[in-house]
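Written below as structure tokens is the structure these notes are about.
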Amino acid sequence: MRTISRYALAVACTALIAGTGLAAPAQAESRQTHCGWQPVNQEGEYGNSATQTVNIRNGNGVQCGRLGLATPEDALRYRCEAVADNGAYWTYLTDISTGVIGWVRSDFLTFHSDEPCASGLNP
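In mature numbering (1 follows the signal peptide of the UniProt record, and there is no 0), the protein residues as written are -23 to -1, 1 to 100.
Right under this line is the structure:
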């Protein structure tokens, strides 16, 4: 009888711990800002646009250099999205109208990319 009680106690404790959410914490979202970052993502979604005239930058931060402008009339292809140090979301894209490839803050775009940016760099 004592063996069954210990077994039942062990099962009950395991169930209790599992139900409390004491599992290993999920991996934190990577937040990095890089000027000159060109993710390896080459695919993307077409038919998107900016909500206003915005800077296209060479990295996912306002301190990164400006490569050109995207206007609401420009056709954009979203390649991927990354989170900067300050928590702002940035989309890596191609402005099909001008050929400029770079970064725009996602809140200035009609939609955002569902694809996370790959950590590798293009040569």
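Built from N, CA and C at the ideal position, the CB exists for glycine as well. Keep in mind that this is a model prediction, so the values were computed, not measured.
- If you ignore the 5 residues before and after Tyr55, its C-beta comes within less than 6 Å of the C-beta of Gly21, Glu22, Asn25, Thr68, Leu70, Ser90, all in its own chain and listed in chain order.
- Here the alpha carbons of Leu44 and Val77 stand approximately 7 Å from one another.
- Restricting attention to Asp62, Glu50, Phe88, Tyr66, the CA atom closest to the CA of Asp72 is found in Glu50.
- For Glu58, the enclosing beta strand (DSSP E) begins and ends at 53 to 60.
- Note on geometry: alpha-carbon atoms of Val39 and Asn63 lie some 11 Å from one another.
- Of the residues Ala59, Leu53, Gly13, the one whose Cα lies closest to the Cα of Glu92 is Ala59.
- Excluding sequence positions up to five before and after Val31, its CB lies within less than 6 Å of the CB of Ala47, Val81, Phe85, all in the same chain and listed in chain order.
- Looking only at Ala95, Phe88, Ser83, the smallest Cα-Cα distance to Arg34 is reached by Ser83.
- DSSP, reduced to helix, strand and coil, places Asp91 outside both helices and strands of the structure shown, so it counts as coil.
- Sequence-distant partners of Ala61 (beyond 5 residues in either direction) whose C-beta falls short of 7 Å from its own C-beta, in its chain, are Arg8, Thr10, Asn37, Gly38, Trp67.
- According to the DSSP assignment, Ala47 belongs to the beta strand (DSSP E) that extends over 43 to 47.
- Cys57 and Cys94 do touch by the CB rule: their CB atoms are close to 4 Å apart, below 8 Å.
- Straight through space, the alpha carbons of Gly79 and Gly13 are spaced by roughly 9 Å.
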